[in-house]
Amino acid sequence: MAKKQFKAESKRLLDLMINSIYTHKEIFLRELISNASDAIDKLYYQSLTEGSTGLSRDDFTIRIEADKDSRTLKIIDNGMGMTKEELEKNLGTIAKSGSLDFKAENEKKDEIDIIGQFGVGFYSAFMVSETVNVVSKAYGQEQAYEWESSGADGYTIKEREKDANGTEITLTLKADTEDENYSEYLDTYKIKNLIKKYSDYIRYPIQMMVEKQRLKEGSEDEYEAYSELETLNSMVPLWKKNKSELKDEDYNNFYKEKFYDFADPAKVIHSNVEGVVSYTSLLFIPGQAPYNYYTKDYEKGLQLYSSGVLIMDKCADLLPDYFSFVKGLVDSQDLSLNISREMLQHDRQLKAIAQRLEKKIKSELLSMLNTDRDKYVEFFKNFGLQLKFGLYDQFGIHKDVLKDLVMFYSSSEKGLVTLSEYVSRMKPEQKYIYFASGESTDKIDKLPQTELLKDKGYEILYLTDDVDEFALQMLREFDEKEFKSVSADDLEIEESQEEKEAAEKQAEESKDMLEAMKEALGDKVTEVRLSQRLKSHPVCLSAKGGLSIEMEKVLNSMPTDQKVQAERVLEINAKHPILKALTKTYAEDKDAIGTYAKLLYDQAMLIEGMPIEDPVAFSNAVCELMTK
């Protein structure tokens, strides 16, 4: 029998299909099962609309048969089947979809939902097969037909005998190679796993004869083999059930089994959205961070389904990086089953879903914050760092999404607070949201720079993560209140006229001494000045400009050759006895003031948690003073 030739473009598409479109060859089984489900849908739909078939949903099945000896795998359905013309139309032209035509004809009716597309999906079978044979008999027809092809060289169609309506696809698998083990697709365990992974929620039973063992009758230790017809899929997705049918236990068990977690989720978000894009989403906020969450090995993404059939196990495009901790799935009948990763990046429907998911996740997190604060605080301890990275990332483009979700340790509340809560407690005269950076809250609490603010009753945010200060600098303000570091050169705290005049007089009297100290320190500092912010501490470092001392530490800890330095200012406590000692020393021995300047600078560096350049010189200077 002469072979019919595919069109030239179809040959090129077939070659692309086999070699490029699908990353994993195992996807072929998903495609063929989905097509079988479509064929059953068509006949079931006819039974609903015409009432002429006398069939119910329980009458339909999809059967899998594997024969290792002949290296064949069969997928059999008792659905609508195809006529000769439909075989040629649907299988003779790649990417021609009988399912799509059927859906277009019935697009205004809700009774049916076609998930597959004969054409591109069907030809995925050639990724694993030497030959693909299709025997089909259309419902209500007497004659069956056989379609067969070995690839791009063409296909044949001839008459065949077949008792019942439906389609039987037989794949003759390729021989194994060093790189590919095609025989695994004949293994019962592998087939069951693939159906569980991709087709567990197909609405009709997928059945297969499975070999099992049982004790022989009358024996205690002797077993016999037997075969049993087993349904391999669960058929009803949990997320398709009504929320009223489900308990917390159902969600928790599903999450732990599906996403391999031992702990219950902190939050479950189950949504059914209808509109321009319709979808169901079932999202989980984990109760604890995965062990590899803050490593490059962690892979974000949601499972993506098309009407219960898995398209992608981790669709990263559905989640922004700052919500990458969310696990779960999205199921939409508006997405093509045959969509590839490349197509997904340009899919408007997917982008629309992603935008809605982002809003929903934020809304649910805010709800948790407002109604179950303890749970939110626990969540933030697990994933707050990622939210703060999101504030800083891409030059703060997402700051409006995240600014209400982030928390920082409060000097007055002794715990995590939101920026909104901080602003609500600000003093009437307070201009700024003050923050201090350091290794730990205990060390920050002891910083000399915090004394004046504490004395005035101002709340201070303690920043302990490397990204914290960068995030606030990117945010710039919250509720029209700017952020200011306690180490800024000017805290802009209002003083009385009397205090200002006294400070100016004192600074003028010490001007020559301070300039001498600056000269002794060279380019280590940009200025030495008297400080009104210090209370009990003799000295501290502050910084001019946008680069703080803490940011300098973070940047210089990165593995780069370029080092940065903040514009450091050495501040001397104007009310501390150290000023009198310095003034006396400068009056008696101007050369000695350089030694004191270096000693105080090193002391301030140690307070900041920064290394000093010459520990030996520092030690000798201390000993020299002790022996005077």
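According to the numbering used here, the stretch in the sequence shown is residues 2 to 629, in order.
Ideal Cβ positions, reconstructed from N, Cα and C, are used throughout, including at glycine.
Only a predicted model underlies this, so the values are computations on that prediction, with no experimental measurement involved.
Report yes if the CB atom of S282 is closer than 8 Å to the CB atom of V237, and no otherwise. Here the question's residue 282 lines up with position 281 in the sequence shown. Here the question's residue 237 lines up with position 236 in the sequence shown. No, the pair does not count as a contact, with Cβ atoms beyond the cut-off.
Where D249 sits in the DSSP three-state scheme: Position 248 of the sequence shown, counted from the first residue, corresponds to residue 249. D249: helix per DSSP, three-state reduction.
Reducing DSSP to helix, strand and coil, say where F326 ends up. Locating residue 326 in the sequence shown gives position 325, counting from the first residue. Coil at F326, not helix or strand.
Suppose the cutoff is 8 Å on Cβ atoms and the five residues either side in sequence are ignored; what does the same chain contact list for T189 look like? Here residue 189 refers to the residue found at position 188 when the sequence shown is read from its first residue. Taken in chain order, the residues that qualify are A67, M209, V211, E212.
What are the partner residues of M210, as DSSP defines its beta bridges? For the purposes of this step, residue 210 is identified with residue 209 of the sequence shown, where counting begins at 1. The partner list for M210 (beta bridge, DSSP) reads L230.
My output table needs one value for K382: the three-state DSSP class, helix, strand or coil. Reading the sequence shown from its first residue, position 381 is the one you call residue 382. K382: helix per DSSP, three-state reduction.
Please go through the same chain and pick out, in chain order, the residues whose beta-carbon is closer than 6 Å to the beta-carbon of F260, but skip the five residues on each side of it. The residue given as residue 260 occupies position 259 in the sequence shown. Within the same chain, F260 has close Cβ partners K328.
Bridge partners of E478, per DSSP? Translated into positions along the sequence shown, residue 478 becomes position 477. The partner list for E478 (beta bridge, DSSP) reads E483.
Among V570, K69, E614, D466, nearest to L388 - alpha-carbon criterion: Start at 1 with the first residue of the sequence shown, and residue 388 comes out as number 387. The residue with the shortest Cα to Cα distance from L388 is D466.
When you compare only the Cα positions, how much space is there between A3 and T157? Your numbering for residue 3 matches position 2 in the sequence shown. Your numbering for residue 157 matches position 156 in the sequence shown. When rounded, the distance between both Cα atoms is 7 Å.
DSSP state of G167, grouped into three classes? On the sequence shown, residue 167 is found 166 positions in, with the first residue counted as 1. When DSSP states are grouped into helix, strand and coil, G167 belongs to the strand group.
What is the residue span of the alpha helix (DSSP H) that S38 lies within? Against the sequence shown, residue 38 aligns to sequence position 37. 28-50 is the span of the alpha helix (DSSP H), which, as asked, contains S38.
Taking the alpha carbon of R31 as the reference point, which residue from S125, N79, V526, S71 has its own alpha carbon closest? As a working note, residue 31 is residue 30 in the sequence shown. Comparing Cα positions, the closest option is S125.
Please go through the same chain and pick out, in chain order, the residues whose beta-carbon is closer than 8 Å to the beta-carbon of L386, but skip the five residues on each side of it. The sequence position of residue 386 within the sequence shown is 385, counting from 1. Closer than 8 Å at Cβ, skipping near neighbours: Y295, D466, V468.
Roughly how many angstroms lie between the CA atoms of S486 and K241, to the nearest whole one? As a first step, residue 486 is located in the sequence shown; it is residue number 485 there, counting from the start. As a first step, residue 241 is located in the sequence shown; it is residue number 240 there, counting from the start. So the two alpha carbons sit approximately 51 Å from each other.
So, helix, strand or coil for R204, using DSSP? Taking the sequence shown and counting its residues from 1, the one referred to as residue 204 is at position 203. Three-state result, R204: coil.
Beta strand (DSSP E) containing A67: first to last residue? Taking the first residue of the sequence shown as position 1, residue 67 is located at position 66. Note, A67: beta strand (DSSP E), 63-68.
Comparing the CB of Y587 with every heavy atom of the ligand FMN, is any distance shorter than 7 Å? In the structure on display, the ligand FMN does not appear, and there are no ligands present to speak of.
Cα-Cα separation, F384 to E147: Taking the sequence shown and counting its residues from 1, one reaches residue 384 at position 383. Taking the sequence shown and counting its residues from 1, one reaches residue 147 at position 146. So the two alpha carbons sit approximately 57 Å from each other.
Which of the three DSSP states, helix, strand or coil, is assigned to K259? As a working mapping, residue 259 is identified with position 258 in the sequence shown. Residue state, collapsed to three classes: helix.
Do L462 and S411 have their beta-carbon atoms positioned less than 8 Å apart in this structure? In the sequence shown, the residue the question calls residue 411 occupies position 410. In the sequence shown, the residue the question calls residue 462 occupies position 461. Yes; because the gap between Cβ atoms is below 8 Å, this pair is in contact.
Could you check if M408 is buried or exposed, using at least 16 other CB atoms within 10 Å of its CB as the buried criterion? In the sequence shown, residue 408 corresponds to position 407, counting from 1. Under this definition M408 is a buried residue.
Alpha helix (DSSP H) segment containing V555, residue limits: Your numbering for residue 555 matches position 554 in the sequence shown. Under the DSSP assignment, V555 falls in the alpha helix (DSSP H) whose first and last residues are 550-557.
How many angstroms separate the CA atom of V269 from the CA atom of V418? Residue numbering aside, residue 269 sits at position 268 when the sequence shown is read from its first letter. Residue numbering aside, residue 418 sits at position 417 when the sequence shown is read from its first letter. About 24 Å.
Three-state secondary structure (DSSP) of N182: What you label residue 182 is simply residue 181 of the sequence shown in a count that begins at 1. N182 falls in the coil class under three-state DSSP.
So A145 is in the beta strand (DSSP E); what residue range does that whole segment cover? To locate residue 145, count along the sequence shown from 1; it is residue 144. In the DSSP assignment, A145 falls within the unbroken beta strand (DSSP E) covering 145-150.
Just how far apart, CA to CA, sit S151 and E131? Taking the first residue of the sequence shown as position 1, residue 151 is located at position 150. Taking the first residue of the sequence shown as position 1, residue 131 is located at position 130. Within the model, the alpha-carbon separation for S151 versus E131 is close to 6 Å.
Quick check: the segment 442-451 against the segment 511-531, are there 3 or more CB pairs under 8 Å? no
List the endpoints of the continuous alpha helix (DSSP H) containing K352. Here residue 352 refers to the residue found at position 351 of the sequence shown. Where K352 is concerned, the enclosing alpha helix (DSSP H) stretches over 349-372.
Between which residues of its own chain and K197 is the CB-CB distance below 8 Å, once the five residues before and five after are set aside? What you label residue 197 is simply residue 196 of the sequence shown in a count that begins at 1. Same-chain partners within the cutoff: L233, N234.
Just mark M559 as buried or exposed, buried being the case when its beta carbon has 16 or more other beta carbons within 10 Å. Counted from its first residue, the sequence shown places residue 559 at position 558. Exposed, because fewer than 16 other Cβ atoms sit within 10 Å of the Cβ of M559.
Coarse secondary structure for L453, derived from DSSP in three states: Translated into the one-based positions of the sequence shown, residue 453 becomes position 452. Three-state result, L453: helix.
State the beta-bridge partners of M408 as determined by DSSP. Within the sequence shown, the letter at position 407 stands for residue 408. T419.
Sheet register partners of Q304 (DSSP bridge): Locating residue 304 in the sequence shown gives position 303, where the first residue counts as 1. For Q304, which the question treats as bridged, DSSP gives the partners L330.
Considering just the uninterrupted stretch of the alpha helix (DSSP H) at D603, what are its terminal residues? Locating residue 603 in the sequence shown gives position 602, where the first residue counts as 1. From DSSP, the alpha helix (DSSP H) with D603 extends over 594-608.
DSSP state of N254 mapped onto helix, strand, coil: Translated into the one-based positions of the sequence shown, residue 254 becomes position 253. Helix, per DSSP.
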